[in-house]
Each structure stands twice: as structure tokens, then as C-alpha cells.
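Worksheet for the structure shown next.
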Amino acid sequence: MSRKSIINKSSSFLSSPMFLLGGVVLFVFFGWAALNEYLRERAIDAEVNELKQTIADLESKNGELKSSLSYIQTPEFQELEAKRQLGLVKDGENVIIFSDKSSGKSTLSDSETDDKDAPQLSNPQKWWNYFFIE
64 MSRKSIINKS SSFLSSPMFL LGGVVLFVFF GWAALNEYLR ERAIDAEVNE
114 LKQTIADLES KNGELKSSLS YIQTPEFQEL EAKRQLGLVK DGENVIIFSD
164 KSSGKSTLSD SETDDKDAPQ LSNPQKWWNY FFIE
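Here it is in C-alpha cells:
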């Protein structure tokens, strides 16, 4: 075979519809694979960013808890809680307890005292008053 016939056969193969169809199929296949890889990478990046935000939030909360713990462990806080919950006092401190004057004998409100002065009505009379009088 001569050189021209080899070139003609190769150029005829390159211009054939089968070669073109094979090229298109390969192009679509690799394009699809690249698109899937790109979308997977974006999903992973979004998840990484979400996890970074979660880490930042947890570190912030951890810092707040550490500062609360350090305050709780101070003698001032312990003294304050002992005074508040246990009623303890230091030497030289005086405790003054204030009481309400109205907390004497009766703690009933005005509406409760009015109910005691009213005559006792039967249940049907109460319903009659509810629907027709009030």
C-alpha cells in the first residue's frame, strides 16, 4: 500500500459517522462524570462549611460554660449561694426579714369573701341566672 492510500483510509475513518458518534459518546460520558464529580465536591464543601459553623458554635458555648464554671468556683459565688439558699450569715452581719402586713390572718381576695356572703343557690338556679339574668 502506498502512503496516499493509508492517509486516505485514515482520513476517511476520521470523517466517518461512527468515529463522530464514538467521539460524541465519549465526550458526553466524560462530561457527565466531570459534572457528577463537581456536584459531589460542592456537596462536600457545603457539609464542611456546616461542620465548621457547628464547631464555632460549640467552641463559643464551651467558652461560655468555662467562664460560668470559673465564676461558680469563686469564693464570692459560693458565699452568695450559701446566703441565698441556706440563710447563712458572716460574723458581724445582721439579717432583717420583712413581712407583709396583709399576710396576717386572711389571705382571701375580695371576690372570695363576696362569694361567702352570697346565698347558696342550687345548680339549676345558677344555670337559670347564667342564661337569663346575667
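Here this note's numbering is used: position 100 in the sequence shown is 163, and no number is missing along the way.
Every residue gets a Cβ at the ideal spot worked out from N, C-alpha and C, and that includes glycine.
>> In the DSSP assignment, the alpha helix (DSSP H) including L132 goes from what residue to what residue?
In response: Run containing L132: 80–135, per the alpha helix (DSSP H) assignment.
> In the structure shown, what three-state DSSP assignment does F195 receive?
Replying inline: DSSP places F195 in helix when its eight states are reduced to three.
> How is E156 classed by DSSP in three states: helix, strand or coil?
Replying inline: Here E156 sits in coil by DSSP.
>> Only counting the same chain, and skipping five residues up and downstream in sequence, which positions put a Cβ closer than 8 Å to that of L83?
In response: Excluding residues within five positions, none has a Cβ falling inside 8 Å.
> For V88, which residues of its own chain have a beta-carbon under 6 Å away from its beta-carbon, when the five flanking residues on both sides are left out?
Replying inline: Excluding positions up to five away in sequence, the list is empty.
> Which residues in the same chain as L149 place their Cβ atom closer than 8 Å to its Cβ, once the five residues preceding and following it in sequence are excluded?
Replying inline: Cβ within range, chain order: n/a, list empty.
> Quick one: Cα of F90 to Cα of R105, how far?
Replying inline: When rounded, the distance between both Cα atoms is 22 Å.
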